[in-house]
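Student: Pasting a structure below so you can have a look.
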Amino acid sequence: MSDSSVSLRERKKQRTRQELIDVALEMFTENGFDATTLDDLCGAVEVSKRTFFRYFTSKEDVGMAPLHDFWNVFGEELETRSPAGTILEFLLETAFAALDRMGGDAWAHRLRLSRRLAARTPSMNAHGLDFCDRAVASAVSTLADRFGIANSADLRLRLVVEFAVATHRCALERWVALRGRPGRKRLEAELRSAFAAMPDALNVGFSVASHTGR
Numbered sequence: 001m002s003d004s005s006v007s008l009r010e011r012k013k014q015r016t017r018q019e020l021i022d023v024a025l026e027m028f029t030e031n032g033f034d035a036t037t038l039d040d041l042c043g044a045v046e047v048s049k050r051t052f053f054r055y056f057t058s059k060e061d062v063g064m065a066p067l068h069d070f071w072n073v074f075g076e077e078l079e080t081r082s083p084a085g086t087i088l089e090f091l092l093e094t095a096f097a098a099l100d101r102m103g104g105d106a107w108a109h110r111l112r113l114s115r116r117l118a119a120r121t122p123s124m125n126a127h128g129l130d131f132c133d134r135a136v137a138s139a140v141s142t143l144a145d146r147f148g149i150a151n152s153a154d155l156r157l158r159l160v161v162e163f164a165v166a167t168h169r170c171a172l173e174r175w176v177a178l179r180g181r182p183g184r185k186r187l188e189a190e191l192r193s194a195f196a197a198m199p200d201a202l203n204v205g206f207s208v209a210s211h212t213g214r
């Protein structure tokens, strides 16, 4: 089989996967997650359930795909980028490198739809949290194996990765709550702002209440 034939087949698979994501997010948003059956989704895309399960394990999986794709690309970048700065700074730059590979504002729009659906769909949210836990464990293992900075069971390494993921989640929530249709560049700005705030956040005292109008 020629390289061009393989490339054509791979592009077709990528298009099918992307169409499943796009149609799923549209149907879940318009009709409701629970009200949209797998038969409905497969019928709309004109694929069989067998084809669907080649790409995704469940409705939750396809609904959370935009965020899962980001973390998968993040993991790839983590395995190849040269270290620089602190571990936290390295994780931030790795996140930006992953964002650069995510397809611009089209991906950002899908991500916003997915996050809004997850906020009101417990099974989607639980699926995303489980995936996130596995992404954290993978990142810790990669850092430990690549750089020998600590044993993967070292609490400090686990904590810095957890801090980075929590900071990303906060930035994502702020971005999703924005009015209009903010794109990937605005998400990058929110992420940078959140990471910049984290060192002070770790030392915040009870006096912060006086600055919030309480």
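Under full-length UniProt numbering, the first residue of the sequence shown is numbered 1, with each subsequent residue one higher. For each residue, glycine too, the CB sits at the ideal point set by N, CA and C. Since the model is a prediction, treat every value here as computed from it, not as a measurement.
Less than 7 Å separating the beta-carbons of Gly183 and Asp105?
Tutor: Cβ distance < 7 Å, so Gly183 and Asp105 count as in contact.
Student: So, His127 versus Met64, is the Cβ gap smaller than 7 Å?
Tutor: The answer is yes: Cβ separation under 7 Å.
Student: What residue from Glu89, Gln14, Glu60, Glu77 has the CA that sits closest to Ala194's CA?
Tutor: Ranking Glu89, Gln14, Glu60, Glu77 by Cα distance to Ala194 puts Glu89 first.
Student: Where does Lys49 land, buried or exposed, given buried means 16+ other C-beta within 10 angstroms?
Tutor: Counting Cβ neighbours within 10 Å, Lys49 comes out exposed, since fewer than 16 surround it.
Student: How would you label Phe206, buried or exposed, when you count the other beta carbons within 10 angstroms and need 16 or more for buried?
Tutor: Answer is exposed; the Cβ neighbour count stays below 16.
Student: On the criterion of 16 or more Cβ atoms from any shown chain inside 10 Å, does Val165 qualify as buried, or is it exposed?
Tutor: The residue is buried, with at least 16 neighbouring Cβ atoms inside 10 Å.
Student: In this structure, how does DSSP classify Asn125 when only helix, strand and coil are distinguished?
Tutor: The answer is helix: DSSP assigns Asn125 an H, G or I state.
Student: Verify whether the separation of the beta carbon atoms of Val73 and Val45 is less than 7 Å.
Tutor: No, Cβ-Cβ distance for Val73 and Val45 is not below 7 Å.
Student: Name the residue from Ile21, Ala84, Ala201 whose alpha carbon lies nearest to the alpha carbon of Cys170.
Tutor: When each option's Cα is compared against that of Cys170, the closest is Ala201.
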